[in-house]
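Colleague: Residue numbers (this note's numbering), protein chains in the order written: chain A, 390 to 484; chain B, 19 to 553.
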Amino acid sequence: MERLRTASRRLRRRFVMVNTLSLSASFLLDVVLDEKLATGVAGGITLGMVLLVCPVFVLLASVVRYDLACASQCDPCVDELRDAASDFGARGVWR
Amino acid sequence: MERFALAAGGEDLASPVFGFLLVICCAFFFCLIVGVRNADDQTGDFFAANRSLSVGRNTLPMAGDYILVTALLVPVGSVALGGYDGMVMAMCSVVGLVVLYVLAEPLRNTGRFTLGGVLESRAPGRAVRLSGAVVTLAVCAPLTVVQLTVAGDATAYLLDLSGAGAAQVCTVMIGLLMITFAAFGGMRGTTVLAAGKAVLLVAAFAGASVIIVNRFDWDLGALLAAAFEGSGRGEDYHGFAHLFGDSTTGRLDFISVSLTVAIGSGMLPAMIMRISAARDGRTARRSARNAVLGYTLFAGLTIILGLGAGAIVGGQTLAADDPEGNSALFLLSDALADGRDGALFTLISCAVFLTALGGVSGLTLAVSATLAHDVYAKARRRHRGGDEREVRVARWAVLAFGVASVVLAVLLHGWSILFLATYAIAVASSVILPAVVYSLFWKRFHRTGLLWMVYGGLACCTVLQLSSPTVSGDPTALFADQDFQWFPLRHIGIVALPVTLLLGWIGSRVGRRASAETGGDAKAEARILAGLDTV
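1) In the DSSP assignment, the beta strand (DSSP E) including Val430 (chain A) goes from what residue to what residue?
2) Using a Cβ-Cβ cut-off of less than 7 Å, give me the residues of the segment 308-329 of chain B that come near chain A, in sequence order.
3) Go ahead and label Thr409 (chain A) buried or exposed: buried means 16 or more other beta carbons lie within 10 angstroms of its beta carbon, across all protein chains shown.
4) Which bits of chain A does Leu286 (chain B) rub up against, with CB to CB less than 7 Å?
5) Just to confirm before moving on: does the CB-CB distance between Val416 (chain B) and Ala201 (chain B) stay below 9 Å?
6) Report buried or exposed for Asp352 (chain B), applying the criterion of at least 16 other Cβ atoms within 10 angstroms of its Cβ.
7) I'd like to know whether the C-beta atoms of Thr373 (chain B) and Val97 (chain B) end up nearer to each other than 9 Å.
8) Among B:Met107, B:Phe437, B:Leu430, which has the Cα closest to the Cα of Gln186 (chain B)?
9) DSSP on Met19 (chain B), reduced to helix/strand/coil?
10) Measure how close the beta-carbons of Gly189 (chain B) and Ala427 (chain B) come, nearest whole angstrom, since I'm counting them as under 8 Å.
11) Thinking just about the alpha-carbon of each residue, which of A:Phe404, A:Val447, A:Asp472, A:Ile434 is nearest to the one in Tyr119 (chain B)?
12) Since I believe Ala439 (chain B) is in contact with Pro160 (chain B) (beta carbons under 8 Å), could you give me their beta-carbon distance rounded to a whole number of angstroms?
13) Would you grab the beta carbon distance between Val455 (chain B) and Gly284 (chain B) for me? Rounded to a whole angstrom, and I think it's under 8 Å.
14) Would you call the CB atoms of Phe48 (chain B) and Gly207 (chain B) closer than 9 Å?
15) Would you list the residues sitting across from Phe497 (chain B) in a DSSP beta bridge?
16) Quick one: what does DSSP say Leu458 (chain B) is sitting in, helix, strand or coil?
17) Can we say the segment 101-108 of chain B touches the segment 382-390 of chain B, given the rule of at least three CB pairs closer than 8 Å?
18) Taking the Cβ atom as the reference point for each residue, do Leu166 (chain B) and Val489 (chain B) lie within a distance shorter than 9 Å?
19) Would you give the residue range spanned by the alpha helix (DSSP H) that Phe316 (chain B) belongs to?
20) CB-CB under 7 Å to Val528 (chain B), same chain, minus the five flanking residues each way: which ones, in chain order?
21) Output the boundary residues of the alpha helix (DSSP H) element that contains Asn68 (chain B).
22) Tell me the residue span of the alpha helix (DSSP H) that contains Tyr102 (chain B).
23) Excluding the five sequence neighbours on either side, which residues of its own chain have a C-beta within less than 7 Å of the C-beta of Ser72 (chain B), listed in chain order?
24) Please name the residues in the segment 113-124 of chain B whose beta-carbon is closer than 8 Å to at least one beta-carbon of chain A, in chain order.
25) Pick helix, strand or coil for Ile510 (chain B), following the three-state DSSP scheme.
26) Starting from Ile230 (chain B), trace the alpha helix (DSSP H) in both directions and tell me its first and last residue.
27) Quick check: Thr335 (chain B) and Leu349 (chain B), are their CB atoms within less than 9 Å of each other?
28) Excluding the 5 residues flanking Ala216 (chain B) on each side, which residues of the same chain have their C-beta closer than 6 Å to its C-beta?
29) At a Cβ cut of 7 Å, what residues of the segment 240-263 of chain B count as close to chain A, listed as they run along the chain?
30) Nearest CA to the CA of Ser345 (chain B): which residue from B:Phe246, B:Gly299, B:Leu99, B:Ala45?
31) Shorter than 9 Å from the beta carbon of Glu543 (chain B) to some beta carbon of chain A?
32) Could you check the C-alpha separation between Ser457 (chain B) and Val136 (chain B) for me, to the nearest Å?
33) Would you say Trp483 (chain A) faces chain B, with C-beta separation under 9 Å as the test?
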């Protein structure tokens with residue numbers, strides 16, 4: 390249980406931290422740059438678009454990464470615990 | 019307001035109308051079939067599809083349930099009229115689903131399908147169950163009324179029914195379908211409906227996007243430039259937080275609504291029920307992951323449609339038809355048909371109709387679950403009749419809530435009630451999210467803190483919303499001719515959220531921690547982390 394607790398907490402905190410930082414940075418740059426967001430970057434794409442798309446990519450990458458990390462670090466612990474619990478007849482019930 | 023017939027884009031009027039009516043009939047007959055199949059269902063089956071949904075079967079419904087009709091019509095108009103701000107809002111809605119993704123596994127592991135049940139996993143007691151039921155009603159009732167009103171207006175608009183009471187009649191018809199769906203279909207019925215809605219929406223939006231981008235020779239820069247020209251907003255179009263004005267209050271308002279959408283839109287009680295239908299914790303997590311990826315694609319398509327509306331229809335036409343831009347989607351689809359045929363218009367109309375129907379059915383089911391399970395069976399301890407009696411009570415609750423919502427929606431037609439949706443999302447972000455996060459992850463969270471948080475947060479949200487410019491002191495307010503407004507922001511989340519968090523923290527400090535003596539924390543943690551009932 391301790392292993393599962395530590396792993397899930399670490400992964401969740403990392404996920405929240407990465408995305409909070411990424412979104413906050415994008416948000417702050419939006420506020421600071423404001424009028425300059427209209428500056429063209431390439432092919433009609435503005436700086437604002439780039440600032441909007443970057444955190445979305447970080448978000449999607451971290452979503453996939455978080456799931457993979459959970460699958461490799463947390464799910465085996467859950468399986469072990471469930472196997473142990475099933476020996477004692479523990480099962481899910483509706484509350 | 020200029021109106022469009024459903025077949026406005028085509029010469030053959032019968033075909034698009036036929037397509038639209040066909041979808042309505044199919045939806046109704048499907049509902050009857052599911053109802054007959056579910057005639058002898060039990061509580062777990064009716065409310066949560068017996069916790070049997072695999073990743074494949076739960077992904078589309080999860081994405082579908084997340085899209086309400088207001089969340090469909092508003093972003094397109096916001097991007098068309100607001101430019102960059104509208105795109106930021108679309109991105110914030112993606113973040114809302116990501117918040118649900120992080121919470122999906124522990125939420126499913128609690129084994130509860132109502133908000134009251136989830137909150138009770140850390141702080142047991144009847145009062146906690148009841149507080150969950152109160153919040154569920156506070157969120158779902160306003161949202162259902164707004165969805166029904168908007169859906170009635172949209173249907174009358176699409177069918178070109180401009181006579182007195184036409185929108186109200188459409189609202190009643192949609193309401194009847196909603197009641198039938200939720201009462202007979204249960205979770206299995208809403209699952210298929212939500213999946214169909216997601217597929218239809220993506221097909222309609224993808225088709226429209228291809229046509230738009232093709233018109234600009236697949237040059238995104240040209241589309242952006244045309245949207246900028248068409249909006250008529252000048253440099254504000256590319257600027258940040260100008261949607262509600264250039265003043266500090268206006269900019270703060272935009273930041274508040276972004277925050278509210280980003281953290282609250284995934285925390286609706288209907289979404290919590292959707293999570294509970296997954297087979298186990300990891301299935302819920304993976305379904306949510308796929309839903310996030312799919313919804314991001316959909317949000318991207320929404321932005322393209324918004325840009326297309328600005329570029330092809332033009333900001334002036336959009337604002338003249340509806341100052342909020344909520345009719346942008348229909349105006350765009352009609353413009354794209356270009357007098358050739360109304361297939362795209364029909365497809366989008368059907369998608370909007372199914373979105374409305376699926377959204378209100380999900381919300382109604384969530385309310386009926388909380389009334390039957392949390393209030394009737396648990397809080398009043400009337401579980402003697404067993405599962406069948408509880409399901410019967412749930413069906414009566416669907417009927418009562420549905421009729422009340424339809425009556426309210428009909429009475430409030432013509433009033434400025436979009437603030438009800440703002441209020442509902444504000445409660446979801448300021449009350450439900452903190453309560454759920456504290457319940458799942460904070461060991462020291464106590465029953466007193468939970469009750470302070472729920473009732474204090476609810477009171478705070480209600481007082482602030484009633485004192486905001488959405489209710490009085492503004493030409494677009496509910497009571498435009500009165501002025502008792504003192505809170506300057508339309509969107510209250512930026513103030514309500516810190517207040518609620520503080521109330522929960524203080525309440526937990528003040529309250530006595532009984533669960534530490536009984537070992538309740540260890541059991542709760544085992545359940546939340548691994549889905550185990552005992553360790």
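We treat Cβ as the ideally placed atom computed from N, Cα and C, and that holds for glycine.
Modeller: If we stick to the structure as given:
1) Counting from 1 along the first sequence, the entry for residue 430 (chain A) is found at position 41. Where Val430 (chain A) is concerned, the enclosing beta strand (DSSP E) stretches over 429-431.
2) Val310, Leu311, Thr314
3) For this step, residue 409 (chain A) is matched to residue 20 along the first sequence. By the neighbour-count rule (16 or more Cβ atoms within 10 Å), Thr409 (chain A) is not buried but exposed.
4) Position 268 of the second sequence holds residue 286 (chain B). Near Leu286 (chain B) there are no residues of chain A at all, since even the closest Cβ is about 20 Å away, more than 7 Å.
5) Start at 1 with the first residue of the second sequence, and residue 416 (chain B) comes out as number 398. Start at 1 with the first residue of the second sequence, and residue 201 (chain B) comes out as number 183. Contact: yes.
6) Taking the second sequence and counting its residues from 1, one reaches residue 352 (chain B) at position 334. Looking at its Cβ environment, which holds 16 or more other Cβ atoms inside 10 Å, Asp352 (chain B) is buried.
7) Taking the first residue of the second sequence as position 1, residue 373 (chain B) is located at position 355. Taking the first residue of the second sequence as position 1, residue 97 (chain B) is located at position 79. Not a contact, by the Cβ cut-off of 9 Å.
8) If you number the second sequence from 1, residue 186 (chain B) lands on position 168. Of B:Met107, B:Phe437, B:Leu430, the residue nearest in Cα terms is B:Leu430.
9) Position 1 of the second sequence, counted from the first residue, corresponds to residue 19 (chain B). Bear in mind that the predicted position of Met19 (chain B) carries a pLDDT of just 44, short of 50, making it too unreliable to give a figure here.
10) Residue 189 (chain B) sits at position 171 when you count from the first residue of the second sequence. Residue 427 (chain B) sits at position 409 when you count from the first residue of the second sequence. The residue you asked about is not Gly; residue 189 (chain B) is Thr in the sequence shown. About 5 Å separates the two Cβ atoms, so the contact holds.
11) The residue labelled residue 119 (chain B) in the question sits at position 101 within the second sequence. It is A:Phe404 whose Cα lies nearest to the Cα of Tyr119 (chain B).
12) As a first step, residue 160 (chain B) must be located in the second sequence, where it is residue number 142. As a first step, residue 439 (chain B) must be located in the second sequence, where it is residue number 421. Yes, they are in contact, since the Cβ atoms of Pro160 (chain B) and Ala439 (chain B) sit about 7 Å apart, within 8 Å.
13) Along the second sequence, one-based indexing puts residue 455 (chain B) at 437. Along the second sequence, one-based indexing puts residue 284 (chain B) at 266. Contact doesn't hold; Cβ gap of about 12 Å is too wide.
14) As a working note, residue 48 (chain B) is residue 30 in the second sequence. As a working note, residue 207 (chain B) is residue 189 in the second sequence. Cβ distance < 9 Å, so Phe48 (chain B) and Gly207 (chain B) count as in contact.
15) For the purposes of this step, residue 497 (chain B) is taken as residue 479 along the second sequence, with counting starting at 1. Answer is B:Ser490.
16) On the second sequence, residue 458 (chain B) is found 440 positions in, with the first residue counted as 1. Leu458 (chain B) falls in the helix class under three-state DSSP.
17) no
18) Walking along the second sequence from the start, residue 166 (chain B) turns up at place 148. Walking along the second sequence from the start, residue 489 (chain B) turns up at place 471. The answer is no: Cβ separation not under 9 Å.
19) Taking the second sequence and counting its residues from 1, the one referred to as residue 316 (chain B) is at position 298. Its alpha helix (DSSP H) spans residues 299-326.
20) Indexing the second sequence from 1 puts residue 528 (chain B) at position 510. If we look at Val528 (chain B) and ignore the five residues flanking it on each side, its Cβ neighbours are Thr466.
21) As a position in the second sequence, residue 68 (chain B) is number 50, starting the count at 1. Where Asn68 (chain B) is concerned, there is no enclosing alpha helix (DSSP H), given that its DSSP letter is neither H nor E.
22) Mapped onto the second sequence, residue 102 (chain B) falls at position 84. Start and end: 102-127.
23) Looking up residue 72 (chain B) in the second sequence gives position 54. Answer for Ser72 (chain B): Arg297, Thr301, listed in chain order.
24) Val113, Val116, Tyr119, Val120, Glu123
25) Walking along the second sequence from the start, residue 510 (chain B) turns up at place 492. It is coil, neither helix nor strand.
26) Within the second sequence, numbered from 1, the residue matching residue 230 (chain B) stands at position 212. Its alpha helix (DSSP H) spans residues 204-233.
27) On the second sequence, position 317 is the one that residue 335 (chain B) refers to. On the second sequence, position 331 is the one that residue 349 (chain B) refers to. Going by C-beta atoms, Thr335 (chain B) is nearer than 9 Å to Leu349 (chain B).
28) Here residue 216 (chain B) corresponds to residue number 198 of the second sequence, with the count starting at 1. So the list reads Leu78, Ala81, Gly82, once near-sequence residues are dropped.
29) Ala240, Leu242, Ala243, Glu253, His256, Gly257, Phe258
30) Start at 1 with the first residue of the second sequence, and residue 345 (chain B) comes out as number 327. Selected option, being the one with the closest Cα: B:Leu99.
31) In the second sequence, the residue the question calls residue 543 (chain B) occupies position 525. So yes, Glu543 (chain B) belongs to the interface.
32) Taking the first residue of the second sequence as 1, we reach residue 457 (chain B) at position 439. Taking the first residue of the second sequence as 1, we reach residue 136 (chain B) at position 118. Distance between the alpha carbons of Ser457 (chain B) and Val136 (chain B) is about 8 Å.
33) Counting from 1 along the first sequence, the entry for residue 483 (chain A) is found at position 94. The pLDDT assigned to Trp483 (chain A) is 47, lower than 50, so where the model puts this residue is not dependable, and the model offers no usable value.
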